[in-house]
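J.: Mind having a look at this structure? Questions to follow.
Protein chains in written order, with the working numbering: chain Y, 1 to 262; chain A, 263 to 545.
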């Protein structure tokens with residue numbers, strides 16, 4: 001079942017989406033939309049169905065709407081903050097070598113009420129997983145991010161990714177004169193689109209050129225679909241247009257930070 | 263121009279026509295001059311608020327307004343027939359006298375200029391000055407005004423801020439909350455550290471990086487003392503403060519970790535002899 005297909009609701013009709021841990025219930029009354037969401041534990045769920053009866057106590061949030069706004073559009077989008085990715089174990093990239101890592105990033109979803117697909121009003125944006133808060137940078141100057149532990153897999157063959165996560169391919173090239181220790185990487189997800197692959201959701205390919213020294217890396221967030229899993233159709237748009245050749249602090253060493261803070 | 267004839271106002275006998283005209287001119291200067299400088303100061307404030315810090319914009323705004331008022335005052339004196347050189351000379355002498363009499367005010371004024379130049383805090387920052395904690399509402403030439411969290415207005419002279427220590431609580435975007443926790447001597451230290459880590463990790467207001475700091479501090483009077491330091495976004499202070507203590511208590515209860523109350527052992531002078539008990543028969 002296609003989760004992203006626009007659905008026209010009759011008055012009183014209710015649908016339930018189960019996207020990873022997110023339970024989302026949407027109902028329509030004459031002049032408003034009713035939305036309820038809660039967090040479960042099962043990360044493998046991926047379906048939408050009409051709900052004939054609702055179980056348990058439902059806490060609704062209400063959105064006023066026009067009578068003609070009968071269609072609900074659900075779109076995936078990447079998180080609203082950058083994500084600090086921490087591999088479960090430190091990865092070393094030798095001098096002048098490159099490697100591609102596949103990182104699963106939980107999606108957010110946007111709900112739009114619309115008359116037609118083009119003329120849509122956003123009602124809500126919800127995370128499918130509650131991520132921890134994290135900080136990238138120095139304690140006196142930095143960026144509030146989400147934190148994510150990852151296996152940073154180097155292949156997708158035979159690997160299982162949660163369906164509610166977008167696979168983000170990251171090509172890291174070590175152009176410095178020293179070995180690169182990949183302990184933490186700050187990913188600016190606002191530049192990434194989402195593409196529907198045959199089996200998974202995908203983001204653009206990110207190319208990181210690590211030049212060492214001052215730790216500033218050249219990053220290309222790309223603007224086209226990645227060459228994996230027949231991912232061609234764009235289903236979620238980047239929050240911000242990608243910037244080519246962006247120079248930002250991307251890698252960080254945990255030891256260098258924590259040593260000074262205790 | 264003869265204003266009294268222009269507005270058909272009856273002239274009092276004790277006032278000459280020239281004097282009446284002078285009063286009219288002074289009135290017009292005040293009537294148009296004060297709103298003019300107010301408008302100019304607001305425009306300058308708006309312009310500078312985009313270019314420089316809010317307190318510099320506020321200073322520029324007030325400088326324009328006060329400067330304008332002084333200019334209007336001089337113009338009025340001029341129209342009233344005072345010789346400005348004599349007035350300024352007298353002002354110099356008066357200035358010296360007033361200077362001696364208002365040393366504290368001058369000290370506050372100069373301290374205010376230093377505070378604006380040094381920028382140790384901005385409008386909206388939370389300051390802790392002695393026993394007072396509040397949000398900076400305005401930085402004036404003589405004082406800094408704080409609004410406390412229970413909505414009281416506190417005026418702090420600039421001089422005392424220059425002389426004494428104060429804490430800018432919200433200067434940096436993230437902070438660390440240190441909580442000292444005691445557990446009973448029977449508890450396993452590794453187990454307690456693991457539980458503290460998990461409690462910090464599971465709290466939605468805690469940052470996972472910088473990682474929480476957990477230190478076994480010392481063998482206390484009644485238990486083992488630990489320090490749990492949790493980093494958080496400065497805006498999450500109250501939410502974290504309220505939730506983390508509840509989380510700790512609930513988790514310690516679930517894990518059967520005892521939070522000790524103060525213990526006191528009483529001796530009669532010798533550790534080996536039993537404490538004497540005297541039974542009183544009330545009958």
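Glycine included, every Cβ here is placed at the ideal spot set by N, Cα and C. The structure displayed is predicted, hence computed values, not measured ones.
Exposed or buried, which one is residue 116 (chain Y) when buried takes at least 16 other CB atoms within 10 Å?
T.: Flag for residue 116 (chain Y) reads exposed.
J.: Which residues in the same chain as residue 278 (chain A) place their Cβ atom closer than 7 Å to its Cβ, once the five residues preceding and following it in sequence are excluded?
T.: Closer than 7 Å at Cβ, skipping near neighbours: no residue.
J.: Given that residue 471 (chain A) touches chain Y, what residues does it touch there, using C-beta distances under 7 Å?
T.: Ordered by position in chain Y, the residues that pass the 7 Å Cβ test against residue 471 (chain A) are 84, 134, 135, 147.
J.: Classify residue 50 (chain Y) as helix, strand or coil using the three-state DSSP reduction.
T.: Looking at residue 50 (chain Y) - three-state DSSP - the assignment turns out to be strand.
J.: Can you confirm whether residue 495 (chain A), when its beta carbon is compared against all beta carbons of chain Y, has any partner nearer than 8 Å?
T.: For residue 495 (chain A), the answer is yes, since a Cβ of chain Y falls inside 8 Å of its Cβ.
J.: Grab me the residues of residue 259 (chain Y)'s own chain with a C-beta within less than 8 Å of its C-beta, minus the 5 sequence neighbours each way, in chain order.
T.: A caution first: residue 259 (chain Y) carries a pLDDT of 34, below 50, which makes its placement in the model too unreliable to give a value.
J.: Under 8 Å between C-beta atoms, does residue 140 (chain Y) make it to chain A?
T.: Taking Cβ atoms only, chain A reaches closer than 8 Å to residue 140 (chain Y), which makes this a yes.
J.: Taking Cβ-Cβ distances shorter than 7 Å, what residues in chain Y pair up with residue 382 (chain A)?
T.: Per Cβ cutoff of 7 Å: no residues; residue 382 (chain A) is ~14 Å from chain Y at best.
J.: Taking buried to mean at least 16 other C-beta atoms within 10 Å of its own C-beta, is residue 386 (chain A) buried or exposed?
T.: The residue is exposed, with fewer than 16 neighbouring Cβ atoms inside 10 Å.
J.: Mind checking if residue 126 (chain Y) is an interface residue toward chain A, Cβ cutoff 8 Å exclusive?
T.: No, residue 126 (chain Y) lies away from the interface with chain A (no Cβ there is under 8 Å from its Cβ).
J.: In chain Y, which residues lie with their C-beta within 9 Å of the C-beta of residue 474 (chain A)?
T.: Residues of chain Y passing the Cβ test: none, with the nearest at roughly 10 Å.
J.: So for residue 323 (chain Y), helix, strand or coil by DSSP?
T.: The requested residue 323 (chain Y) is not part of the displayed model; chain Y covers only 1 to 262.
J.: Please classify residue 515 (chain A) as buried or exposed, where buried requires at least 16 neighbouring CB atoms within 10 angstroms.
T.: It is exposed - the Cβ of residue 515 (chain A) has fewer than 16 other Cβ atoms within 10 Å.
J.: Taking Cβ-Cβ distances below 9 Å as the criterion, which residues of the stretch 424-439 of chain A are in contact with chain Y?
T.: Of all residues in the stretch 424-439 of chain A, 433, 434, 435, 436, 437, 438 have a Cβ within less than 9 Å of some Cβ in chain Y.
J.: Interface residues of chain A around residue 22 (chain Y) at Cβ under 7 Å?
T.: Within 7 Å Cβ-Cβ: nothing; residue 22 (chain Y) doesn't reach chain A, min ~16 Å.
J.: Please tell me whether residue 256 (chain Y) has its Cβ less than 8 Å away from any Cβ of chain A.
T.: For residue 256 (chain Y), the predicted model reports a pLDDT of 40, less than 50, meaning its position is unreliable; a value from the coordinates is still stated below. Cβ-Cβ to chain A under 8 Å: no for residue 256 (chain Y).
J.: With DSSP run on the structure shown, which of helix, strand or coil describes residue 480 (chain A)?
T.: If DSSP states are grouped into helix, strand and coil, residue 480 (chain A) belongs with the strands.
J.: What residues from chain A crowd round residue 144 (chain Y), counting only those whose CB sits closer than 9 Å?
T.: Neighbours of residue 144 (chain Y) on chain A, chain order: 435, 436, 469, 495.
J.: From this set, A:429, A:505, A:482, which residue's C-alpha is nearest residue 464 (chain A)'s C-alpha?
T.: The option with the nearest alpha carbon to residue 464 (chain A) is A:505.
J.: What separation, rounded to the nearest whole angstrom, lies between the Cα atoms of residue 2 (chain Y) and residue 461 (chain A)?
T.: About 39 Å.
J.: In chain order, what residues of the same chain lie with their CB nearer than 7 Å to the CB of residue 527 (chain A), ignoring the 5 residues before and after it?
T.: Answer for residue 527 (chain A): no residue qualifies.
J.: Between which two residues does the beta strand (DSSP E) carrying residue 108 (chain Y) extend?
T.: 108-114 is the extent of the beta strand (DSSP E) around residue 108 (chain Y).
J.: How should residue 257 (chain Y) be labelled, buried or exposed, when 16 other C-beta atoms within 10 angstroms of its C-beta is the threshold for buried?
T.: The predicted position of residue 257 (chain Y) is uncertain, since its pLDDT is 39 and thus under 50; a value taken from the coordinates is nonetheless stated next. It counts as buried.
J.: Pull up the distance between the alpha-carbon of residue 333 (chain A) and that of residue 430 (chain A), whole angstroms please.
T.: In a straight line, the C-alpha of residue 333 (chain A) is about 38 Å away from that of residue 430 (chain A).
J.: Roughly how many angstroms separate the alpha carbons of residue 225 (chain Y) and residue 162 (chain Y), rounded to a whole number?
T.: Rounded to the nearest angstrom, the two C-alpha atoms are 20 Å apart.
J.: Is residue 316 (chain A) helix, strand or coil by DSSP?
T.: Residue 316 (chain A): helix per DSSP, three-state reduction.
J.: Looking at the structure shown, is residue 56 (chain Y) part of a helix, part of a strand, or coil, going by DSSP?
T.: Note: residue 56 (chain Y) maps to coil in three-state DSSP.
J.: My parser needs the beta strand (DSSP E) runs of 3 or more residues fully inside the stretch 409-491 of chain A; what are they?
T.: The stretch 409-491 of chain A contains these whole beta strand (DSSP E) runs: 415-419, 436-445, 475-481.
J.: How should residue 133 (chain Y) be labelled, buried or exposed, when 16 other C-beta atoms within 10 angstroms of its C-beta is the threshold for buried?
T.: Residue 133 (chain Y) is buried by the Cβ-count criterion.
J.: Would you mind sorting residue 543 (chain A) into buried or exposed? The rule is 16 or more other CB atoms within 10 Å of its CB.
T.: Burial call: exposed.
J.: Can you tell me where the beta strand (DSSP E) with residue 153 (chain Y) in it begins and where it stops?
T.: Here residue 153 (chain Y) belongs to no beta strand (DSSP E), and DSSP marks it neither H nor E.
J.: With a Cβ-Cβ cutoff of 8 Å, do residue 486 (chain A) and residue 517 (chain A) count as a contact?
T.: Contact flag unset, no.
J.: Excluding the 5 residues preceding and the 5 following residue 92 (chain Y) in the sequence, name in chain order all residues of the same chain whose CB lies nearer than 8 Å to its CB.
T.: Closer than 8 Å at Cβ, skipping near neighbours: 179, 180, 181, 182.
J.: Starting from residue 187 (chain Y), trace the beta strand (DSSP E) in both directions and tell me its first and last residue.
T.: First-last of the beta strand (DSSP E) with residue 187 (chain Y): 184-187.
J.: How would you write the range of the beta strand (DSSP E) that residue 128 (chain Y) sits in, first residue to last?
T.: Where residue 128 (chain Y) is concerned, there is no enclosing beta strand (DSSP E), given that its DSSP letter is neither H nor E.
J.: Would you kindly check if the distance between the Cβ of residue 242 (chain Y) and the Cβ of residue 221 (chain Y) is under 8 Å?
T.: Their beta carbons are under 8 Å apart, which means residue 221 (chain Y) touches residue 242 (chain Y) by this criterion.
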